[in-house]
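S.K.: Before I ask anything, here is the structure I am working with.
Number of protein chains: 2
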Amino acid sequence: MRTRPLKVALLGCGVVGSEVARIMTTHADDLAARIGAPVELAGVAVRRPSKVREGISADLVTTDATALVKRGDIDVVVEVIGGIEPARTLITTAFEHGASVVSANKALLAQDGAALHAAAEEHGRDLYYEAAVAGAIPLIRPLRESLAGDKVNRVLGIVNGTTNFILDKMDSTGAGYQEALDEATALGYAEADPTADVEGFDAAAKAAILAGIAFHTRVRLDDVYREGMTEVTAADFASAREMGCTIKLLAICERAADGESVTARVHPAMIPLSHPLASVRGAYNAVFVESDASGQLMFYGPGAGGAPTASAVLGDLVAVCRNRLSGATGPGESAYAQLPVSPMGEVVTCYHISLDVADKPGVLAQVATVFAEHGVSIDTVRQQGKDGEASLVVVTHRASDAALSGTVEALRKLDTVRGVASIMRVEGE
Amino acid sequence: MRTRPLKVALLGCGVVGSEVARIMTTHADDLAARIGAPVELAGVAVRRPSKVREGISADLVTTDATALVKRGDIDVVVEVIGGIEPARTLITTAFEHGASVVSANKALLAQDGAALHAAAEEHGRDLYYEAAVAGAIPLIRPLRESLAGDKVNRVLGIVNGTTNFILDKMDSTGAGYQEALDEATALGYAEADPTADVEGFDAAAKAAILAGIAFHTRVRLDDVYREGMTEVTAADFASAREMGCTIKLLAICERAADGESVTARVHPAMIPLSHPLASVRGAYNAVFVESDASGQLMFYGPGAGGAPTASAVLGDLVAVCRNRLSGATGPGESAYAQLPVSPMGEVVTCYHISLDVADKPGVLAQVATVFAEHGVSIDTVRQQGKDGEASLVVVTHRASDAALSGTVEALRKLDTVRGVASIMRVEGE
Chain A
725 MRTRPLKVAL LGCGVVGSEV ARIMTTHADD LAARIGAPVE LAGVAVRRPS
775 KVREGISADL VTTDATALVK RGDIDVVVEV IGGIEPARTL ITTAFEHGAS
825 VVSANKALLA QDGAALHAAA EEHGRDLYYE AAVAGAIPLI RPLRESLAGD
875 KVNRVLGIVN GTTNFILDKM DSTGAGYQEA LDEATALGYA EADPTADVEG
925 FDAAAKAAIL AGIAFHTRVR LDDVYREGMT EVTAADFASA REMGCTIKLL
975 AICERAADGE SVTARVHPAM IPLSHPLASV RGAYNAVFVE SDASGQLMFY
1025 GPGAGGAPTA SAVLGDLVAV CRNRLSGATG PGESAYAQLP VSPMGEVVTC
1075 YHISLDVADK PGVLAQVATV FAEHGVSIDT VRQQGKDGEA SLVVVTHRAS
1125 DAALSGTVEA LRKLDTVRGV ASIMRVEGE
Chain B
725 MRTRPLKVAL LGCGVVGSEV ARIMTTHADD LAARIGAPVE LAGVAVRRPS
775 KVREGISADL VTTDATALVK RGDIDVVVEV IGGIEPARTL ITTAFEHGAS
825 VVSANKALLA QDGAALHAAA EEHGRDLYYE AAVAGAIPLI RPLRESLAGD
875 KVNRVLGIVN GTTNFILDKM DSTGAGYQEA LDEATALGYA EADPTADVEG
925 FDAAAKAAIL AGIAFHTRVR LDDVYREGMT EVTAADFASA REMGCTIKLL
975 AICERAADGE SVTARVHPAM IPLSHPLASV RGAYNAVFVE SDASGQLMFY
1025 GPGAGGAPTA SAVLGDLVAV CRNRLSGATG PGESAYAQLP VSPMGEVVTC
1075 YHISLDVADK PGVLAQVATV FAEHGVSIDT VRQQGKDGEA SLVVVTHRAS
1125 DAALSGTVEA LRKLDTVRGV ASIMRVEGE
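Order-wise, the sequence lines are chains A and B. Add 724 to the 1-based position in the first sequence for the working numbering, that's all there is to it. Add 724 to the 1-based position in the second sequence for the working numbering, that's all there is to it.
Written out as structure tokens, the structure is:
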């Protein structure tokens, strides 16, 4: 084994960073044996140097992250600051000064992944980011390495623990959205401002990263259709249950049937209770991958948290250190397929539509005609009278999102349709 | 991209081999883009050259596997023959002649993994074998790379599809073992001689491989305790259901509580219906991994079959080809921890014991005394009278296998105990 240590600069020492530092210290011998050389924490860049950090020597702590990554003797920079800046500049500076980078930064990877990969390649360095998607769950490595000889057709995942906690709570207790959110906040599963989670921004960033790797195509954050889950109601869960379904916020990356384009989207959807994703409880994450040869795979585990995310970071750290010792680099960005990313209108799926209609003869015929005119085939219809009005629930066969939108627009114009109570996609059938 | 192709020799062209050849042909452009150079099928060694092999040029087919691996221009040998010989000699010959190796051979890896890894290292070549455990499910790579910065404490898996199909059938239909086996045979899930599957030999080989990687310790096939599932009865399933459990054939690799030793075993066990492994149906495989930092992860998918296994082989092929281009090798055997492998007697778990006893006063006291004398603490007891005799079901707290064996031996000597109807371990609590 090499005795001269590899030097690691840690950028950020919050929930994840402090766990990374802790494990680097407590498991130093194991890491050294697995890498083939010791690793040394050479510096820790933080915003508040006064905060006591157990187990980290005060000599290592600095507020000057830029100077740290420019030192020139750093082998690997671990970026767990999050957000776009200063993380982006620090990462590119790290490459310029000869370091490889391990990052847990989903927002940055989703927004500027291509530029960062290019910078890594230009300088012959590694950029690894297993921790950016679904915490501890090995997902990036299986997708870009284990399935490198296969053709992935679909990635269907629960990639946000906060929203899964909320939806699971609504499902199991009958609670409304606000009540479940309040509980998630009280238990620390939701942040004070939950927007990034509940509006699907976090999941959309992960969808962009997953779609890019799965389809060997550059997928930007803007390419991902996004719909949050704040409007999911207890009534939606009741409807779902009548269909033998539950509701999950899903990130869905799909190759079109003709193989010539891809789509990526995040929205709440009904999935059958028999689907493995339906039983993913609490704040857990799980990702279902469908490929030509391997069929259906699922990866399940904790999607967030200090220690689980640190586990993913350290797995990458070992790989990147090994690469440095052998003088090689791991797989970089693979975007050779360059498939076009289609807009949401071209997505094909099934829909569950709940309408409030007048309870009089001919209404069903009118509604059915509108579906037919838009080429949307109906699977089942259920009508229920209540107080002179009626509720009409239509579940469609597979249709394009554009055709469905056109249908709903036309339905709203019918005198007999008082309102469209809810529209929800049905996935995983 | 390099234009000179990497040359691949395929040893074996059965269910898996023919799928490997097919995908190498149909996905040649994708493989080339992902590797950075084209890959060419340079030869296919088979036993019966007369058999028509769709899509494979007759010029490539040979019965002389040894000459093929000795050619000297082969970059990667893909071994999908199975069994110990001639696979072992062919693999070492391949290393001697400069090739890296991708193998799907669990029996060989479990028996001679150490020697093969040593040969690969001696010649500076790769030995990859993702396909050897749980078919398409990425498991070897996540364990040895993604979790390289973590400390794995337990691997609990359903790693044999045939036996899971049989047990699932017994559970869902109430069928007996023979009836379920017959159906598995008729559907092609079980081989004409099912011994390797139903007696747990196949799962034991996988357990040895998984334990070795998980604990960075050499675990030989002989180190794995093995008990088949041919004696599981419909009555056992009924007992399991009363406890809110089902029965699975599990491969269990554990680090002892003090961290100083490990165990590996294969046997049928009851697991709670709430455990994610309980809902793994049919011939699917799933492996649950518990680690210090990442917590609980699960990997799920098809554990066998031509195309899924080929997917795993090709993922390895891409990695090994990339390594050759960069002049590096991937992670080799990691056995630095050298933890002792403890015998079965030291395994600690819970037990479900069903006794036929005389239905008279004092029997329960006698039985309870025997448990106490052996230091086995009782969790629950259920007694049921039938025709003058009684059935006594005892579920214990955690105890060592040796203590439990001693208890059972002493119970058999009691006049009031007519017989021990069944003993089954309870896992996953």
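Glycine included, C-beta positions come from ideal geometry on N, C-alpha and C. Keep in mind that this is a model prediction, so the values were computed, not measured.
Please go through the same chain and pick out, in chain order, the residues whose beta-carbon is closer than 8 Å to the beta-carbon of A:Thr941, but skip the five residues on each side of it.
M.R.: Answer for A:Thr941: Ala935, Val986, Ala1059, Ala1061, Gln1062, Leu1063 and Val1065, listed in chain order.
S.K.: Could you check which residue in B:Val879, B:Ala752 and B:Thr897 has the C-alpha nearest to that of B:Arg1005?
M.R.: Nearest of B:Val879, B:Ala752 and B:Thr897 to B:Arg1005, Cα basis: B:Thr897.
S.K.: Within its chain, find whatever has a CB closer than 8 Å to the CB of B:Thr954; leave out the 5 residues flanking it on each side and keep chain order.
M.R.: Closer than 8 Å at the Cβ level, and outside the excluded window around B:Thr954, lie Tyr901, Val922 and Glu923.
S.K.: Check whether the Cβ atoms of A:Ala981 and A:Ile971 sit closer than 7 Å, and answer yes or no.
M.R.: No, the Cβ-Cβ distance between A:Ala981 and A:Ile971 is not below 7 Å.
S.K.: Where does the unbroken alpha helix (DSSP H) through B:Asn1047 begin, and where does it stop?
M.R.: Its alpha helix (DSSP H) spans residues Gly1030 to Ser1050.
S.K.: Classify B:His1121 as buried or exposed, calling it buried when 16 or more other Cβ atoms lie within 10 Å of its own Cβ.
M.R.: Looking at its Cβ environment, which holds fewer than 16 other Cβ atoms inside 10 Å, B:His1121 is exposed.
S.K.: Roughly how many whole angstroms lie between the Cα atoms of B:Ala757 and B:Phe1012?
M.R.: So the two alpha carbons sit approximately 33 Å from each other.
S.K.: Identify which residue in A:His847, A:Asn877, A:Asn884 and A:Leu871 has its Cα closest to the Cα of A:Ala856.
M.R.: A:Ala856 has its Cα closest to that of A:Asn884, out of A:His847, A:Asn877, A:Asn884 and A:Leu871.
S.K.: Look at A:Glu932 and A:Val948 and say whether their C-beta atoms are less than 7 Å apart.
M.R.: First, the amino acid is wrong: residue 932 of chain A is Ala here, not Glu. Contact flag set, yes.
S.K.: Thinking C-alpha only, which one of A:Gly779, A:Ile937, A:Ala1010 and A:Ser1078 is nearest A:Leu973?
M.R.: Checked all of A:Gly779, A:Ile937, A:Ala1010 and A:Ser1078; the closest Cα to A:Leu973 is A:Ala1010.
S.K.: Nearest CA to the CA of A:Glu764: which residue from A:Gly848, A:Ile808, A:Leu1038 and A:Glu978?
M.R.: Cα-wise, what sits closest to A:Glu764 is A:Leu1038.
S.K.: Report the residue ranges of all beta strand (DSSP E) runs contained in full by the segment 933-990 of chain A; include only those spanning at least 3 residues, in chain order.
M.R.: The segment 933-990 of chain A contains these whole beta strand (DSSP E) runs: 969-979.
S.K.: Please classify A:Val1071: is it buried, with 16 or more other beta-carbons within 10 angstroms of its beta-carbon, or exposed?
M.R.: With 16 or more Cβ atoms within 10 Å of its Cβ, A:Val1071 is classed as buried.
S.K.: Following the continuous alpha helix (DSSP H) through A:Met725, name the residue where it begins and the one where it ends.
M.R.: Where A:Met725 is concerned, there is no enclosing alpha helix (DSSP H), given that its DSSP letter is neither H nor E.
S.K.: Would you tell me roughly how many angstroms separate the C-alpha atoms of B:Ala823 and A:Ala844, rounded to the nearest one?
M.R.: Roughly 30 Å between the two C-alpha positions.
S.K.: For A:Ala1184, tell me which candidate among A:Ile1102, A:Ala962 and A:Val1094 has the shortest Cα-Cα distance.
M.R.: This structure does not reach residue 1184 of chain A, given that chain A is present from 725 up to 1153, and the question cannot be answered.
S.K.: Using the C-alpha atoms, what's the distance from B:Val876 back to B:Arg979?
M.R.: Distance between the alpha carbons of B:Arg979 and B:Val876 is about 8 Å.
S.K.: Quick check on B:Leu814: buried or exposed, where buried means 16 or more other Cβ atoms within 10 Å of its Cβ?
M.R.: The residue is buried, with at least 16 neighbouring Cβ atoms inside 10 Å.
S.K.: Measuring alpha carbon to alpha carbon, tell me which of A:Ala904, A:Ile805, A:Thr1104 and A:Phe961 ends up nearest A:Pro992.
M.R.: Selected option, being the one with the closest Cα: A:Phe961.
S.K.: Looking at C-beta atoms only, is the number of pairs between the segment 822-836 of chain A and the segment 803-812 of chain A that lie closer than 8 Å three or more?
M.R.: In short, these stretches touch, since the Cβ pair count reaches three.
S.K.: State the Cα-Cα distance for the pair B:Pro773 and B:Val739, rounded to the nearest angstrom.
M.R.: The alpha-carbon atoms of B:Pro773 and B:Val739 are separated by roughly 15 Å.
S.K.: Is there a Cβ from chain A that is less than 7 Å from the Cβ of B:Leu871?
M.R.: Closer than 7 Å: yes.
S.K.: Mapping the DSSP letters down to three states, classify B:Asn1009 as helix, strand or coil.
M.R.: Strand.
S.K.: Just how far apart, CA to CA, sit B:Ile1102 and B:Thr1140?
M.R.: So the two alpha carbons sit approximately 19 Å from each other.
S.K.: What is the DSSP secondary structure of A:Ala993, counted as helix, strand or coil?
M.R.: In the structure shown, A:Ala993 sits in a strand (DSSP, three-state: E or B).
S.K.: Using a Cβ-Cβ distance cut-off of 7 Å, determine whether A:Arg1136 contacts chain B.
M.R.: Taking Cβ atoms only, chain B never reaches closer than 7 Å to A:Arg1136, which makes this a no.
S.K.: Looking at the structure shown, is B:Ala914 part of a helix, part of a strand, or coil, going by DSSP?
M.R.: DSSP places B:Ala914 in coil when its eight states are reduced to three.
S.K.: How many angstroms separate the CA atom of A:Thr786 from the CA atom of A:Ile780?
M.R.: Computed Cα separation, rounded: 12 Å.
S.K.: Run down chain B in chain order and give the residues with a C-beta less than 8 Å from the C-beta of A:Ser824.
M.R.: Those do not exist, as A:Ser824 stays about 14 Å from chain B at its closest Cβ, beyond 8 Å.
S.K.: Tell me which residues share the same chain as A:Ala927 and place their Cβ nearer than 7 Å to its Cβ, disregarding the 5 neighbours each side in the sequence.
M.R.: Only Val883, Asn884, Leu973, Ala975 and Val990 meet the Cβ criterion.
S.K.: What span of residues does the beta strand (DSSP E) with A:His1076 cover, start to end?
M.R.: It spans Val1072 to Ala1082 - the beta strand (DSSP E) in which A:His1076 sits, taken as one unbroken run.
S.K.: Hey, B:Pro1181 and B:Arg868 are a contact pair by Cβ (cut 8 Å); roughly how many whole angstroms apart?
M.R.: The requested residue 1181 of chain B does not occur in the structure, where chain B is confined to residues 725 to 1153.
S.K.: Just to confirm, are B:Ala1126 and B:His1098 a CB contact at a threshold of 7 Å?
M.R.: It is not a contact, given that the beta carbons lie outside the stated cut-off.
S.K.: For A:Asp1125, verify whether its CB is less than 6 Å away from any heavy atom of the ligand NAD.
M.R.: Of ligands this structure carries none, so the ligand NAD is not represented either.
S.K.: Per DSSP, A:Met1022 forms a beta bridge with which residues?
M.R.: Note: A:Met1022 sits in a beta bridge opposite A:Phe1012 and B:Tyr1024.
S.K.: B:Asp1083 to B:Glu1113, Cα distance in whole Å?
M.R.: If I take the Cα positions, the gap works out to 5 Å.
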